[in-house]
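Just so it is clear: in the sequence shown, position 146 is 544 by our numbering, and no numbers are missing.
Some notes on the structure that comes next.
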Amino acid sequence: MNIPHPGTEFDVVVVGGSYAGLSAAMQLARARRRVLVVDAGQRRNRYATHSHGFLGHDGREAAAIATDGRAQLMKYPTVRWIEGAARRAEKVAQGFRVTLQDGAAYLAQRLVLATGVVDELPPVPGLAERWGGTVFHCPYCHGYELMEGRIGVLATGALSMHHALMLPDWGRVTLLLNGAFEPDAEQLASLERRGVAIERAPVKAISGRATVELQDGRSLEMAGLFVVSRTHSGSPIAEQLGCGLEQGPMGMYVRTDTMKATSVAGVYACGDAARMAGNVALAAADGTLAGVSAHQSLIFGATAAAA
(Lines of atoms letter the chains of each structure in order from A and count residues from 1; the text may use other names and numbers.)
(Lines give C-alpha, C1' and ligand atoms only; values in the text may rest on other atoms or scores of the structure.)
Protein backbone atom coordinates (compact mmCIF):
# COMPACT_ATOMS: atom_id res chain seq x y z
CA MET A 1 0.00 0.00 0.00
CA ASN A 2 1.23 3.51 -0.80
CA ILE A 3 2.13 4.98 2.61
CA PRO A 4 2.53 8.78 2.54
CA HIS A 5 5.80 10.38 3.64
CA PRO A 6 5.75 12.12 7.03
CA GLY A 7 4.93 15.78 6.63
CA THR A 8 2.56 15.19 3.72
CA GLU A 9 -0.40 17.57 3.75
CA PHE A 10 -3.96 16.33 3.25
CA ASP A 11 -7.27 18.07 2.97
CA VAL A 12 -8.62 15.91 5.79
CA VAL A 13 -7.17 13.37 8.19
CA VAL A 14 -9.75 10.90 9.52
CA VAL A 15 -8.69 9.38 12.83
CA GLY A 16 -10.37 5.99 13.10
CA GLY A 17 -11.20 3.59 10.30
CA SER A 18 -14.27 1.77 11.57
CA TYR A 19 -17.81 2.37 10.29
CA ALA A 20 -17.99 6.09 11.09
CA GLY A 21 -14.50 6.85 9.82
CA LEU A 22 -15.02 4.82 6.65
CA SER A 23 -18.27 6.64 5.91
CA ALA A 24 -16.69 10.06 6.48
CA ALA A 25 -13.71 9.24 4.28
CA MET A 26 -15.99 7.93 1.52
CA GLN A 27 -17.80 11.26 1.18
CA LEU A 28 -14.50 13.14 1.03
CA ALA A 29 -13.00 10.70 -1.47
CA ARG A 30 -16.00 11.11 -3.73
CA ALA A 31 -15.42 14.86 -3.59
CA ARG A 32 -11.88 14.11 -4.87
CA ARG A 33 -10.27 15.42 -1.71
CA ARG A 34 -6.93 14.17 -0.39
CA VAL A 35 -7.78 11.99 2.60
CA LEU A 36 -5.62 10.13 5.09
CA VAL A 37 -7.25 7.51 7.32
CA VAL A 38 -5.30 6.54 10.44
CA ASP A 39 -6.66 3.39 12.05
CA ALA A 40 -5.44 1.39 15.05
CA GLY A 41 -7.62 -1.63 14.19
CA GLN A 42 -9.71 -1.55 17.37
CA ARG A 43 -13.33 -1.65 16.17
CA ARG A 44 -15.64 -1.48 19.16
CA ASN A 45 -17.68 -4.46 17.90
CA ARG A 46 -14.64 -6.62 17.09
CA TYR A 47 -15.84 -9.13 19.70
CA ALA A 48 -19.20 -9.63 17.97
CA THR A 49 -19.29 -12.21 15.21
CA HIS A 50 -22.34 -10.77 13.44
CA SER A 51 -24.00 -7.38 13.04
CA HIS A 52 -27.76 -6.95 13.07
CA GLY A 53 -30.19 -4.18 12.31
CA PHE A 54 -28.07 -2.45 9.66
CA LEU A 55 -30.17 -2.21 6.51
CA GLY A 56 -28.67 -4.28 3.70
CA HIS A 57 -26.20 -5.99 6.04
CA ASP A 58 -28.45 -7.66 8.63
CA GLY A 59 -26.80 -10.82 9.93
CA ARG A 60 -23.47 -10.29 8.16
CA GLU A 61 -20.16 -10.78 9.92
CA ALA A 62 -19.24 -7.49 11.54
CA ALA A 63 -15.64 -7.76 10.34
CA ALA A 64 -16.77 -8.39 6.76
CA ILE A 65 -18.77 -5.15 6.68
CA ALA A 66 -15.71 -3.18 7.77
CA THR A 67 -13.40 -5.07 5.40
CA ASP A 68 -15.67 -4.51 2.42
CA GLY A 69 -16.07 -0.85 3.35
CA ARG A 70 -12.32 -0.36 3.42
CA ALA A 71 -11.86 -2.14 0.08
CA GLN A 72 -14.48 0.09 -1.53
CA LEU A 73 -12.93 3.22 -0.04
CA MET A 74 -9.42 2.37 -1.20
CA LYS A 75 -10.53 2.25 -4.83
CA TYR A 76 -10.57 6.05 -4.74
CA PRO A 77 -7.14 7.34 -5.78
CA THR A 78 -6.98 10.29 -3.38
CA VAL A 79 -7.21 8.11 -0.25
CA ARG A 80 -4.26 6.88 1.80
CA TRP A 81 -4.44 4.53 4.79
CA ILE A 82 -2.04 4.06 7.68
CA GLU A 83 -2.40 1.23 10.18
CA GLY A 84 -1.35 2.73 13.47
CA ALA A 85 -2.45 4.83 16.41
CA ALA A 86 -2.71 8.62 16.27
CA ARG A 87 -1.30 9.83 19.58
CA ARG A 88 -1.43 13.59 19.28
CA ALA A 89 -3.06 16.37 17.28
CA GLU A 90 -2.33 20.09 17.51
CA LYS A 91 -3.30 23.30 15.77
CA VAL A 92 -0.63 24.66 13.42
CA ALA A 93 -0.48 27.33 10.72
CA GLN A 94 -1.49 24.89 7.96
CA GLY A 95 -4.41 23.58 10.00
CA PHE A 96 -3.59 20.55 12.15
CA ARG A 97 -0.64 18.26 12.73
CA VAL A 98 -1.43 14.64 13.59
CA THR A 99 1.40 12.63 15.15
CA LEU A 100 1.36 8.85 15.16
CA GLN A 101 2.71 6.45 17.74
CA ASP A 102 5.87 5.92 15.68
CA GLY A 103 6.54 9.67 15.60
CA ALA A 104 5.51 10.26 11.99
CA ALA A 105 3.43 13.43 11.60
CA TYR A 106 0.98 14.51 8.89
CA LEU A 107 -0.71 17.82 8.16
CA ALA A 108 -4.38 18.44 7.39
CA GLN A 109 -6.67 21.38 6.88
CA ARG A 110 -9.47 19.51 8.67
CA LEU A 111 -9.80 16.64 11.13
CA VAL A 112 -12.55 14.07 11.51
CA LEU A 113 -12.43 12.20 14.82
CA ALA A 114 -14.00 8.75 14.58
CA THR A 115 -12.03 7.31 17.46
CA GLY A 116 -14.77 5.24 19.07
CA VAL A 117 -14.98 4.29 22.71
CA VAL A 118 -13.68 1.58 25.03
CA ASP A 119 -16.16 -0.43 27.10
CA GLU A 120 -15.48 -1.00 30.79
CA LEU A 121 -17.34 -4.01 32.21
CA PRO A 122 -18.10 -4.96 35.82
CA PRO A 123 -15.37 -7.20 37.31
CA VAL A 124 -17.49 -10.36 37.26
CA PRO A 125 -15.45 -13.48 36.38
CA GLY A 126 -16.41 -14.84 32.98
CA LEU A 127 -18.23 -11.69 31.84
CA ALA A 128 -15.55 -10.09 29.66
CA GLU A 129 -14.77 -13.39 27.92
CA ARG A 130 -18.37 -13.52 26.64
CA TRP A 131 -18.61 -9.87 25.60
CA GLY A 132 -20.06 -9.72 22.11
CA GLY A 133 -20.83 -13.44 22.11
CA THR A 134 -23.56 -13.91 24.71
CA VAL A 135 -23.07 -10.70 26.73
CA PHE A 136 -24.29 -7.54 25.03
CA HIS A 137 -25.16 -3.87 25.52
CA CYS A 138 -27.65 -3.25 22.67
CA PRO A 139 -31.03 -5.05 22.56
CA TYR A 140 -31.69 -3.81 19.02
CA CYS A 141 -28.43 -5.36 17.83
CA HIS A 142 -28.68 -8.74 19.58
CA GLY A 143 -32.03 -9.21 21.32
CA TYR A 144 -33.91 -10.90 18.47
CA GLU A 145 -31.34 -13.68 18.12
CA LEU A 146 -32.02 -14.85 21.69
CA MET A 147 -35.28 -16.29 20.37
CA GLU A 148 -37.43 -15.14 23.30
CA GLY A 149 -35.34 -17.13 25.75
CA ARG A 150 -34.34 -16.19 29.28
CA ILE A 151 -32.43 -12.93 29.43
CA GLY A 152 -30.41 -11.62 32.35
CA VAL A 153 -29.75 -7.94 32.96
CA LEU A 154 -26.66 -7.50 35.13
CA ALA A 155 -27.20 -4.23 36.95
CA THR A 156 -24.42 -1.67 37.11
CA GLY A 157 -26.61 1.12 38.51
CA ALA A 158 -30.01 2.72 38.14
CA LEU A 159 -29.51 3.01 34.37
CA SER A 160 -29.92 -0.77 34.15
CA MET A 161 -33.63 -0.17 34.72
CA HIS A 162 -33.74 1.01 31.10
CA HIS A 163 -32.47 -2.36 29.89
CA ALA A 164 -34.74 -4.28 32.24
CA LEU A 165 -37.89 -2.47 31.07
CA MET A 166 -37.01 -2.75 27.37
CA LEU A 167 -35.90 -6.35 27.14
CA PRO A 168 -39.22 -8.14 27.88
CA ASP A 169 -40.01 -7.47 24.20
CA TRP A 170 -37.20 -9.94 23.42
CA GLY A 171 -37.59 -12.60 26.12
CA ARG A 172 -38.20 -13.48 29.79
CA VAL A 173 -36.12 -11.07 31.84
CA THR A 174 -34.43 -11.33 35.21
CA LEU A 175 -32.84 -8.21 36.67
CA LEU A 176 -29.71 -9.23 38.60
CA LEU A 177 -29.24 -6.42 41.10
CA ASN A 178 -25.81 -7.66 42.28
CA GLY A 179 -25.71 -4.92 44.92
CA ALA A 180 -25.46 -2.21 42.27
CA PHE A 181 -28.69 -0.45 43.29
CA GLU A 182 -32.09 -1.10 44.86
CA PRO A 183 -35.23 -0.20 42.88
CA ASP A 184 -37.65 2.09 44.67
CA ALA A 185 -41.36 1.35 44.96
CA GLU A 186 -42.24 3.03 41.67
CA GLN A 187 -39.48 1.19 39.83
CA LEU A 188 -40.54 -2.12 41.35
CA ALA A 189 -44.08 -1.52 40.14
CA SER A 190 -42.81 -0.77 36.63
CA LEU A 191 -40.76 -3.97 36.61
CA GLU A 192 -43.74 -5.99 37.79
CA ARG A 193 -45.93 -4.57 35.02
CA ARG A 194 -43.33 -5.66 32.49
CA GLY A 195 -43.03 -9.13 34.00
CA VAL A 196 -39.41 -8.70 35.08
CA ALA A 197 -38.15 -11.01 37.83
CA ILE A 198 -35.80 -9.61 40.48
CA GLU A 199 -32.73 -11.48 41.74
CA ARG A 200 -30.92 -9.93 44.72
CA ALA A 201 -28.32 -12.60 45.40
CA PRO A 202 -24.80 -11.47 44.45
CA VAL A 203 -23.38 -12.82 41.21
CA LYS A 204 -20.31 -15.02 41.63
CA ALA A 205 -19.38 -15.68 37.99
CA ILE A 206 -20.65 -16.31 34.47
CA SER A 207 -20.02 -19.73 32.97
CA GLY A 208 -21.13 -21.93 30.08
CA ARG A 209 -23.04 -20.05 27.40
CA ALA A 210 -24.47 -17.43 29.75
CA THR A 211 -25.06 -19.22 33.04
CA VAL A 212 -25.22 -16.92 36.04
CA GLU A 213 -23.62 -18.49 39.09
CA LEU A 214 -24.86 -16.89 42.30
CA GLN A 215 -22.99 -16.63 45.58
CA ASP A 216 -25.66 -18.74 47.32
CA GLY A 217 -24.88 -21.73 45.08
CA ARG A 218 -27.76 -21.42 42.64
CA SER A 219 -27.28 -21.20 38.87
CA LEU A 220 -29.54 -19.41 36.41
CA GLU A 221 -29.38 -20.57 32.78
CA MET A 222 -29.72 -17.64 30.39
CA ALA A 223 -29.83 -17.35 26.63
CA GLY A 224 -27.90 -14.11 26.94
CA LEU A 225 -26.98 -11.26 29.27
CA PHE A 226 -27.15 -7.49 28.89
CA VAL A 227 -25.06 -5.02 30.80
CA VAL A 228 -24.67 -1.24 30.69
CA SER A 229 -20.95 -0.70 30.24
CA ARG A 230 -19.06 2.41 31.23
CA THR A 231 -17.30 3.97 28.27
CA HIS A 232 -14.35 6.25 27.72
CA SER A 233 -12.84 7.69 24.59
CA GLY A 234 -10.64 5.49 22.45
CA SER A 235 -8.22 8.40 21.96
CA PRO A 236 -6.98 11.46 23.88
CA ILE A 237 -7.01 13.66 20.76
CA ALA A 238 -10.35 15.42 21.32
CA GLU A 239 -9.25 16.55 24.77
CA GLN A 240 -5.80 17.56 23.50
CA LEU A 241 -7.45 19.86 20.98
CA GLY A 242 -9.79 21.33 23.59
CA CYS A 243 -13.00 19.93 22.10
CA GLY A 244 -16.01 20.34 24.37
CA LEU A 245 -17.24 17.16 26.03
CA GLU A 246 -20.61 16.03 27.34
CA GLN A 247 -21.37 13.71 30.25
CA GLY A 248 -23.66 10.95 29.04
CA PRO A 249 -25.28 8.15 31.04
CA MET A 250 -22.43 5.77 30.20
CA GLY A 251 -19.51 8.18 30.01
CA MET A 252 -18.07 11.27 28.36
CA TYR A 253 -18.44 11.90 24.64
CA VAL A 254 -17.45 14.69 22.25
CA ARG A 255 -20.04 17.45 21.93
CA THR A 256 -21.01 18.32 18.35
CA ASP A 257 -23.64 20.38 16.60
CA THR A 258 -26.17 18.98 14.12
CA MET A 259 -23.50 18.98 11.38
CA LYS A 260 -20.99 17.06 13.56
CA ALA A 261 -18.75 20.11 14.13
CA THR A 262 -17.00 20.16 17.50
CA SER A 263 -16.32 23.28 19.55
CA VAL A 264 -12.96 23.58 17.75
CA ALA A 265 -13.28 25.05 14.25
CA GLY A 266 -12.12 22.58 11.61
CA VAL A 267 -12.58 19.50 13.81
CA TYR A 268 -15.52 17.13 13.33
CA ALA A 269 -16.47 14.09 15.38
CA CYS A 270 -18.71 11.15 14.62
CA GLY A 271 -19.72 7.66 15.68
CA ASP A 272 -19.64 6.35 19.23
CA ALA A 273 -17.03 8.96 20.22
CA ALA A 274 -19.63 11.66 19.64
CA ARG A 275 -22.83 9.95 20.85
CA MET A 276 -24.40 8.95 24.15
CA ALA A 277 -24.98 5.52 22.60
CA GLY A 278 -24.92 4.09 19.13
CA ASN A 279 -24.74 1.15 16.74
CA VAL A 280 -23.31 0.39 13.30
CA ALA A 281 -26.12 2.09 11.39
CA LEU A 282 -25.91 5.26 13.47
CA ALA A 283 -22.12 5.31 13.19
CA ALA A 284 -22.26 5.07 9.40
CA ALA A 285 -24.85 7.85 9.22
CA ASP A 286 -22.83 10.03 11.59
CA GLY A 287 -19.71 9.52 9.51
CA THR A 288 -21.49 10.45 6.31
CA LEU A 289 -22.63 13.73 7.83
CA ALA A 290 -19.18 14.48 9.28
CA GLY A 291 -17.53 13.85 5.92
CA VAL A 292 -19.98 16.07 4.07
CA SER A 293 -19.57 18.82 6.67
CA ALA A 294 -15.78 18.66 6.57
CA HIS A 295 -15.85 18.89 2.78
CA GLN A 296 -18.19 21.87 2.70
CA SER A 297 -16.07 23.64 5.32
CA LEU A 298 -13.13 23.47 2.92
CA ILE A 299 -15.22 25.51 0.49
CA PHE A 300 -17.25 27.81 2.72
CA GLY A 301 -15.08 27.99 5.84
CA ALA A 302 -15.07 26.12 9.12
CA THR A 303 -17.27 26.96 12.05
CA ALA A 304 -17.34 25.61 15.58
CA ALA A 305 -20.22 24.21 17.57
CA ALA A 306 -21.54 26.46 20.32
CA ALA A 307 -19.54 26.09 23.51
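Ideal Cβ placement from N, Cα and C applies to all residues, glycine included.
- For Ile-401, there is no enclosing beta strand (DSSP E), as DSSP gives it neither H nor E.
- Between Val-516 and Gly-414, the C-beta spacing is not below 8 Å.
- Of the residues assessed, Gly-405 falls on the exposed side of the cut-off, its CB having fewer than 16 other CB atoms within 10 angstroms.
- Leu-509 is bridged by DSSP to Val-411, Val-665.
- By a beta-carbon distance limit of 8 Å, Met-648 contacts Ser-627. Their separation comes to about 7 Å.
- When only Cα atoms are considered, Pro-566 and Gly-593 end up about 7 Å apart.
- Nearest in C-alpha terms to Leu-434, of all of Gly-550, Gly-640, Met-472, Thr-656, is Met-472.
- Taking the CA atoms as reference points, Ala-659 sits about 19 Å from Phe-408.
- Separation of Ser-695 and Thr-701 (C-alpha to C-alpha, rounded to the nearest whole angstrom) is 8 Å.
- Around the beta carbon of Gly-685, 16 or more other beta carbons lie within 10 angstroms, which makes this residue buried.
- Assignment of beta strand (DSSP E) within the segment 558-605, counting only whole runs of 3 or more residues, yields 570-574, 595-597, 601-605 in chain order.
- For Gly-550, the uninterrupted beta strand (DSSP E) run begins and ends at 548-552, by DSSP.
- Rounded to whole angstroms, the separation of the alpha carbons of Ser-605 and Ile-697 is 56 Å.
- Arg-478 sits away from Leu-420, with the two beta carbons spaced by 8 Å or more.
- In this structure, the straight-line span from the alpha carbon of Gly-642 to that of Ala-663 is close to 11 Å.
- Glu-543 and Leu-586 have their C-alpha atoms some 28 Å from each other.
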